[in-house]
Amino acid sequence: MIKIQHLKIFVLAVIAAFFSLVTLNNIVDYETNHWCVQSTLAMESVQASNVVWRAIQSPWVITSAYILIILVEATIALLCWLSVILMLLKRGGKRLGLLSLTLAFGLFMLGFVVIAGEWFYMWQHSALADMQQKAAVFAVVMLNSMLFVAYEEP
120 MIKIQHLKIF
130 VLAVIAAFFS
140 LVTLNNIVDY
150 ETNHWCVQST
160 LAMESVQASN
170 VVWRAIQSPW
180 VITSAYILII
190 LVEATIALLC
200 WLSVILMLLK
210 RGGKRLGLLS
220 LTLAFGLFML
230 GFVVIAGEWF
240 YMWQHSALAD
250 MQQKAAVFAV
260 VMLNSMLFVA
270 YEEP
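According to the numbering used here, the sequence shown is numbered sequentially starting from 120.
Shown next as structure tokens:
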């Protein structure tokens with residue numbers, strides 16, 4: 120019989136695998152994703168001139184922001200994998216899983232929807248416009264996963 124605990128472990132393992140691949144892709148295909156961060160922060164396609172003062176042109180800041188994103192993604196993957204291992208060994212791990220899911224929710228919702236999407240107007244960039252919607256979907260997935268993992272079994 121499948122226990123709810125096993126399903127929670129599976130959900131965390133899938134999210135760990137997702138963030139592991141995202142981290143790997145951001146390292147292996149560094150230039151493509153660096154361009155996305157640069158285009159967003161530089162507000163390259165923004166039409167409203169009264170908000171372009173928000174644009175960041177500094178290569179150092181752009182690269183630092185991208186490295187921070189990669190580090191957060193790697194941390195989420197690591198915490199998720201550790202949570203899975205601890206849960207499989209029946210040594211807790213649920214709180215660690217919730218921490219990783221909270222970080223993932225924050226990355227997608229605060230990082231990509233709020234900051235990139237709304238502050239830097241990513242939605243106006245023709246090549247990046249759908250990324251804000253995808254980030255919102257991922258944020259909802261992370262939030263639902265948090266609720267499921269936090270669920271107390273009867």
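Note that the Cβ used here is the ideal one computed from N, Cα and C, for glycine as well.
Ranked by how close their Cα comes to the Cα of residue 240, the residues 169, 132, 136, 122 have 169 in first place. Taking a 10 Å sphere around the C-beta of residue 231, we find 16 or more other C-beta atoms and assign the residue as buried.
Assignment of residue 225 by DSSP, reduced to helix, strand and coil, places it in the helix class.
Considering only 167, 144, 248, the residue with the shortest C-alpha distance to residue 193 is 144. With respect to residue 223, residue 257 sits close: the two C-beta atoms are nearer than 9 Å. No Cβ-Cβ contact shorter than 9 Å links residue 188 with residue 247. Residues of the same chain with a CB within less than 8 Å of the CB of residue 174, apart from the 5 flanking positions on each side, are 160, 161, 162, 165, 239 in chain order. Burial is judged here by how many other beta carbons sit within 10 angstroms of a residue's own beta carbon; residue 261 has at least 16 and is buried.
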